[in-house]
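Undergrad:
There are 2 protein chains.
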Amino acid sequence: MRRFFGKVINNNFVLDDEDFKHLAVLRFGVNDEFLGICGDEYEYTCKITKLDKKSAICTILSKELCKQNPKKNITLFQALPKADKLELITQKITELGATDLVIFNSEFSVAKANINKLARLNKISVEACKQCGRTIPLKIHDILSFDDMLYTLDNYDLVLFAYEKQKDIIDLDLTPYKNIAIIIGSEGGFSQVEVKRIYEHKAVLFGLGKRILRCETSAIFAVGLVSYKIDN
Amino acid sequence: MRRFFGKVINNNFVLDDEDFKHLAVLRFGVNDEFLGICGDEYEYTCKITKLDKKSAICTILSKELCKQNPKKNITLFQALPKADKLELITQKITELGATDLVIFNSEFSVAKANINKLARLNKISVEACKQCGRTIPLKIHDILSFDDMLYTLDNYDLVLFAYEKQKDIIDLDLTPYKNIAIIIGSEGGFSQVEVKRIYEHKAVLFGLGKRILRCETSAIFAVGLVSYKIDN
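Sequence order for the protein chains is P and U. Note that the numbering used here gives residue 131 to position 131 of the first sequence, counting from 1, and the numbers run on in steps of one. For any residue, its number in the numbering used here is found by taking its place in the second sequence, counting from 1, and adding 232.
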């Protein structure tokens with residue numbers, strides 16, 4: 001069944017503007033059903049009861065807990081890369097089971113932090129949810145400074161740090177951990193000072209094999225692998 | 233050290249046209265050194281001995297076996313997706329350790345097969361090699377019909393088939409296998425008849441977790457995971 005994003009208000013499902021337009025383009029009509037998702041953990045089976053050119057009234061017939069949401073917390077800490085890479089990362093890690101994305105500034109980041117980008121990333125994650133069967137999009141946090149990023153790491157029970165000079169892929173048993181941070185550098189990697197500071201924040205260094213992966217490949221593959229190892 | 237692609241002729245390294253232009257843009261001069269790669273398993277340390285606006289003469293100082301090439305054969309059999317996805321897949325699976333890419337037509341492929349695309353894919357893989365440290369690019373085969381693809385599977389000692397209705401990720405020990413095929417569908421997936429025919433070709437069905445991944449995410453993640461499991 002087709003999925004649309006919106007809000008639950010009383011027992012009605014109110015489509016977001018763009019999703020309403022999409023529903024109209026797809027020629028949905030009165031009595032047609034769809035799955036509504038609104039960012040909580042449920043899928044809502046909805047039926048269109050009234051439809052005109054500007055809006056739809058959709059009754060919620062039933063709701064069911066969505067089994068496709070990640071059960072554990074995987075947060076990607078991504079040093080700011082170029083915009084197109086960030087968009088690719090957002091889409092792919094939503095599919096692969098990350099729960100949070102924290103973008104932070106680092107010494108060798110060439111891109112400029114732009115808070116306006118976050119709305120676009122959020123939209124990309126919502127679209128990825130609709131496609132992959134999740135109902136809770138990636139939580140995209142405000143862009144952090146390197147120092148603030150370090151403080152935030154204290155909230156995690158495991159901090160994995162993809163370090164280019166480390167070749168060994170994670171062989172740790174990850175199943176006991178419920179709140180995992182993965183740190184990935186930007187195109188330029190990290191400075192020696194930054195590496196030392198991350199390492200001192202009880203981070204476990206790991207590699208992603210014998211080749212040098214691009215930053216977006218590292219992020220996608222690391223999230224996929226961790227998610228696989230904890231069945232997220 | 234910077235890497236450039238070219239050919240070995242006698243004891244000289246002859247840069248490809250585009251790589252010569254790139255070397256010029258980067259203001260390389262006489263006596264500067266670089267790593268030459270030519271698609272075989274060696275890295276050639278080269279020194280520019282003569283340089284003008286149209287060509288460079290580069291002497292090979294030494295050659296060394298490249299440790300970043302995959303040791304085992306991983307072939308991705310990818311049902312023809314849209315062009316931009318194919319380009320992304322080519323770049324990422326080069327980084328992640330696939331050796332061969334076979335594109336084939338399937339019933340629900342919406343894109344049209346275009347032999348001209350293959351040269352572009354080859355170029356993308358060469359660029360990915362230079363960046364990730366491999367010297368042998370992905371071998372990109374001619375586009376096959378579905379039937380020819382099936383016959384080709386007989387050459388592999390393990391055929392893994394990513395099937396959307398299967399949720400379990402590969403838990404097989406892959407280390408004994410040296411020649412692994414991974415089959416991934418296009419955006420539209422496979423028809424029931426196609427699934428049956430692949431299954432009958434001794435394929436092992438596997439899933440990629442509880443969410444429905446886009447075809448390019450499936451290809452990238454499946455190659456990364458198999459490569460990880462056999463240390464490729």
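Just so it is clear, CB atoms sit at the ideal spot from N, CA and C, and this is done for glycine as well. Just so it is clear, the structure is predicted and the values come from calculations on it, not from any experiment.
Sorted by chain position, which residues of the same chain lie with C-beta nearer than 6 Å to ALA435 of chain U's C-beta, five sequence neighbours on each side aside?
TA: For this step, residue 435 of chain U is matched to residue 203 along the second sequence. The answer, listed in chain order, is VAL391, PHE393.
Undergrad: By the criterion of Cβ-Cβ separation under 7 Å, what are the contact partners of GLU95 of chain P in chain U?
TA: As a first step, residue 95 of chain P must be located in the first sequence, where it is residue number 95. Within chain U, the residues near GLU95 of chain P are ARG443, LEU445, ARG446, THR449.
Undergrad: Going by Cα to Cα distance, which pick from P:LEU23, P:CYS46, P:LYS72 is closest to LYS54 of chain P?
TA: Residue 54 of chain P sits at position 54 when you count from the first residue of the first sequence. Taking LYS54 of chain P as reference, the option from P:LEU23, P:CYS46, P:LYS72 with the minimal CA-CA separation is P:LEU23.
Undergrad: Would you mind telling me which residues of chain U sit closer than 8 Å to GLN131 of chain P, beta carbon to beta carbon, in chain order?
TA: By one-based count along the first sequence, residue 131 of chain P stands at place 131. Going along chain U in sequence order, the residues near GLN131 of chain P (Cβ under 8 Å) are ILE444, ARG446.
Undergrad: Just reading off the alpha helix (DSSP H) that THR94 of chain P is part of, what are its end residues?
TA: Locating residue 94 of chain P in the first sequence gives position 94, counting from the first residue. Segment 83–96, the alpha helix (DSSP H) holding THR94 of chain P.
Undergrad: Evaluate ILE184 of chain P with the Cβ neighbour count: other Cβ atoms within 10 Å of its Cβ, from every protein chain shown; 16 or more gives buried, anything less gives exposed.
TA: Within the first sequence, the letter at position 184 stands for residue 184 of chain P. With 16 or more other Cβ atoms within 10 Å, it is buried.
Undergrad: Can you give me the Cβ contacts of VAL30 of chain P inside the same chain, cut-off strictly under 6 Å, excluding the 5 residues immediately before and after it?
TA: Translated into positions along the first sequence, residue 30 of chain P becomes position 30. These residues qualify, in order along the chain: ILE48, LEU51.
Undergrad: In chain order, what residues of the same chain have a beta carbon less than 7 Å from the beta carbon of GLU200 of chain U, not counting five sequence neighbours either side?
TA: There is simply no residue 200 of chain U to check, as chain U begins at 233 and stops at 464 in what is shown.
Undergrad: Cα separation between ASP100 of chain P and LYS139 of chain P?
TA: If you number the first sequence from 1, residue 100 of chain P lands on position 100. If you number the first sequence from 1, residue 139 of chain P lands on position 139. Rounded to whole angstroms, ASP100 of chain P to LYS139 of chain P spans 5 Å at the Cα level.
Undergrad: Please state the DSSP three-state secondary structure of VAL391 of chain U.
TA: As a position in the second sequence, residue 391 of chain U is number 159, starting the count at 1. Of the three classes helix, strand and coil, the one that applies to VAL391 of chain U here is strand, per DSSP.
Undergrad: With a CB to CB cut of under 6 Å and the five nearest residues on each side skipped, what residues in its chain are close to ALA128 of chain P?
TA: The sequence position of residue 128 of chain P within the first sequence is 128, counting from 1. Around ALA128 of chain P: GLN91, THR94, GLU95.
Undergrad: DSSP has GLU275 of chain U in a bridge; who is on the other side?
TA: Mapped onto the second sequence, residue 275 of chain U falls at position 43. Per DSSP, the beta bridge partners of GLU275 of chain U are U:GLU296.
Undergrad: Going by DSSP, what residue range makes up the alpha helix (DSSP H) through THR152 of chain P?
TA: Along the first sequence, read from residue 1 onward, the residue named residue 152 of chain P stands at position 152. 146–152 is the span of the alpha helix (DSSP H), which, as asked, contains THR152 of chain P.
Undergrad: For my contact list, PHE77 of chain P and ILE182 of chain P are in at a C-beta cut-off of 8 Å; report their separation, rounded to the angstrom.
TA: Looking up residue 77 of chain P in the first sequence gives position 77. Looking up residue 182 of chain P in the first sequence gives position 182. Contact flag correct, Cβ pair sits at about 7 Å.
Undergrad: Using 8 Å as the cut-off, can you tell me whether the region 117–126 of chain P makes contact with the region 233–248 of chain U, which would need three or more C-beta pairs spanning the two stretches below that distance?
TA: no
Undergrad: Name the DSSP bridge partner or partners of ASN73 of chain P?
TA: For this step, residue 73 of chain P is matched to residue 73 along the first sequence. For ASN73 of chain P, which the question treats as bridged, DSSP gives the partners P:ASN179.
Undergrad: Taking a contact to mean a Cβ-Cβ separation below 8 Å, would you say LEU65 of chain P touches GLU41 of chain P in this structure?
TA: As a first step, residue 65 of chain P is located in the first sequence; it is residue number 65 there, counting from the start. As a first step, residue 41 of chain P is located in the first sequence; it is residue number 41 there, counting from the start. For LEU65 of chain P and GLU41 of chain P, yes; Cβs fall inside 8 Å.
Undergrad: At the 8 Å Cβ level, is LEU457 of chain U part of the contact set with chain P, yes or no?
TA: In the second sequence, the residue the question calls residue 457 of chain U occupies position 225. Chain P, which has a Cβ nearer than 8 Å to the Cβ of LEU457 of chain U, makes this yes.
Undergrad: What would DSSP say about GLY456 of chain U, mapped onto helix, strand or coil?
TA: Numbered from its first residue, the second sequence carries residue 456 of chain U at position 224. In the structure shown, GLY456 of chain U sits in a helix (DSSP, three-state: H, G or I).
Undergrad: Give me the Cα-Cα distance between ALA451 of chain U and SER191 of chain P, rounded to the nearest whole angstrom.
TA: As a working note, residue 451 of chain U is residue 219 in the second sequence. As a working note, residue 191 of chain P is residue 191 in the first sequence. Rounded to the nearest angstrom, the two C-alpha atoms are 33 Å apart.
Undergrad: Count the other CB atoms within 10 Å of the CB of GLU432 of chain U; is the residue buried (16 or more) or exposed (fewer)?
TA: As a working mapping, residue 432 of chain U is identified with position 200 in the second sequence. That one is exposed.
Undergrad: Closer than 7 Å, Cβ to Cβ, to anything on chain U: give me those residues from the region 70–95 of chain P, in chain order.
TA: LYS92, GLU95
Undergrad: TYR395 of chain U: buried (16+ other C-beta within 10 angstroms of its C-beta) or exposed?
TA: Here residue 395 of chain U is taken as the residue at index 163 of the second sequence, counted from 1. Buried, since its Cβ has 16 or more Cβ neighbours within 10 Å.
Undergrad: Return the bridge partner residues of LYS282 of chain U from the DSSP annotation.
TA: Position 50 of the second sequence holds residue 282 of chain U. Under the DSSP definition of a beta bridge, LYS282 of chain U partners with U:ILE289.
Undergrad: Note down the Cα distance separating GLU214 of chain P from ILE9 of chain P, rounded to an integer number of angstroms.
TA: Within the first sequence, residue 214 of chain P is the residue found at index 214, counting from 1. Within the first sequence, residue 9 of chain P is the residue found at index 9, counting from 1. It is Arg, not Glu, that sits at residue 214 of chain P in the sequence shown. Answer to the nearest angstrom: the Cα atoms are 44 Å apart.
Undergrad: Specify the secondary structure class of LEU333 of chain U as computed by DSSP and reduced to three states.
TA: As a working mapping, residue 333 of chain U is identified with position 101 in the second sequence. Correct three-state label for LEU333 of chain U: strand.
Undergrad: Are GLY268 of chain U and CYS290 of chain U closer than 8 Å when you measure CB to CB?
TA: Position 36 of the second sequence, counted from the first residue, corresponds to residue 268 of chain U. Position 58 of the second sequence, counted from the first residue, corresponds to residue 290 of chain U. Yes, these two residues count as a Cβ contact at 8 Å.
Undergrad: Between which two residues does the alpha helix (DSSP H) containing LYS349 of chain U stretch?
TA: Here residue 349 of chain U is taken as the residue at index 117 of the second sequence, counted from 1. Looking at the DSSP string, the run of the alpha helix (DSSP H) that includes LYS349 of chain U is 349–364.
Undergrad: Between which two residues does the alpha helix (DSSP H) carrying PHE252 of chain U extend?
TA: Taking the second sequence and counting its residues from 1, the one referred to as residue 252 of chain U is at position 20. PHE252 of chain U: member of the alpha helix (DSSP H) spanning 249–257, first to last residue.
Undergrad: Cβ atoms of GLU448 of chain U and LYS317 of chain U: under 8 Å apart, would you say?
TA: For the purposes of this step, residue 317 of chain U is identified with residue 85 of the second sequence, where counting begins at 1. For the purposes of this step, residue 448 of chain U is identified with residue 216 of the second sequence, where counting begins at 1. Taking the C-beta atoms as reference points, GLU448 of chain U is found nearer than 8 Å to LYS317 of chain U.
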